[in-house]
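Worksheet for the structure shown next.
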Amino acid sequence: MDIETILNDIKSDKIKKVIIDTDAANELDDQFAIAYAVGAKKIDVLSINATHFSHNGSDLKEGMEKSYQEILHILTLMERDDLKPAVYRGSTSFLSSETEPVLSEAAKDLAERAMKYTKEKPLYVVSIGAITN
85 MDIETILNDI KSDKIKKVII DTDAANELDD QFAIAYAVGA KKIDVLSINA
135 THFSHNGSDL KEGMEKSYQE ILHILTLMER DDLKPAVYRG STSFLSSETE
185 PVLSEAAKDL AERAMKYTKE KPLYVVSIGA ITN
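Counting from 85, one number per residue, gives the positions in the sequence shown under my numbering.
Here it is in structure tokens:
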């Protein structure tokens, strides 16, 4: 799919299928992005994945778990408990190589969902955190 086709699809009125990959507890911008996407009429959020982050050498697993809990908190505030079963914990480490995946609930769900989509029926992954998932 070329960039022009993607841009035309994004601009169209059809509903976009989206997975959000986010380090929601890292900075404030991700909370706004989640709220916007979940509330948007042209976006169908299929799942939200927690990604890891670290500050000054803190534990990546702890960062991912904080992001996971923050996603659930945002959905509670938005009264969207219906989306909570589609929130997944992501990787707790960086990729060790370009060919070795880091297995997680989020990576498994993302791969399974991606296999169901095509050029004609795209799936958009909005990565606003570490792209390890």
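Every residue gets a Cβ at the ideal spot worked out from N, C-alpha and C, and that includes glycine.
Closest residue to residue i among the options (Cα-Cα distance)
i    : options                : result
A121 : T106, K192, L91        : T106
S131 : L91, D97, T89, K101    : K101
A154 : Y208, E196, L194, A119 : The residue asked about is misnamed: residue 154 is Glu in this sequence, not Ala. For the residues Y208, E196, L194, A119, the minimum Cα distance to E154 belongs to A119.
K150 : S188, A134, F178       : A134
K98  : K125, L144, N110       : K125
A214 : I87, K205, K145        : K145
E176 : D93, R164, I94, F137   : As written in the sequence, residue 176 is Thr, which differs from the Glu given in the question. With distances taken between Cα atoms, T176 lies closest to F137.
I104 : S181, S180, D128       : D128
V209 : M199, T216, L194       : L194
Residue burial classification, residue i (beta-carbon count within 10 angstroms, cutoff 16)
i    : result
M162 : exposed
N140 : exposed
T202 : exposed
L159 : buried
I87  : exposed
Coarse secondary structure for residue i, derived from DSSP in three states
i    : result
L207 : strand
Y201 : coil
N133 : strand
K125 : coil
L95  : The amino acid at residue 95 is misidentified as Leu; the sequence shows Lys. If DSSP states are grouped into helix, strand and coil, K95 belongs with the helices.
D143 : coil
I90  : helix
According to DSSP, residues forming a beta bridge with residue i
i    : result
D105 : N133, S211
K100 : I127
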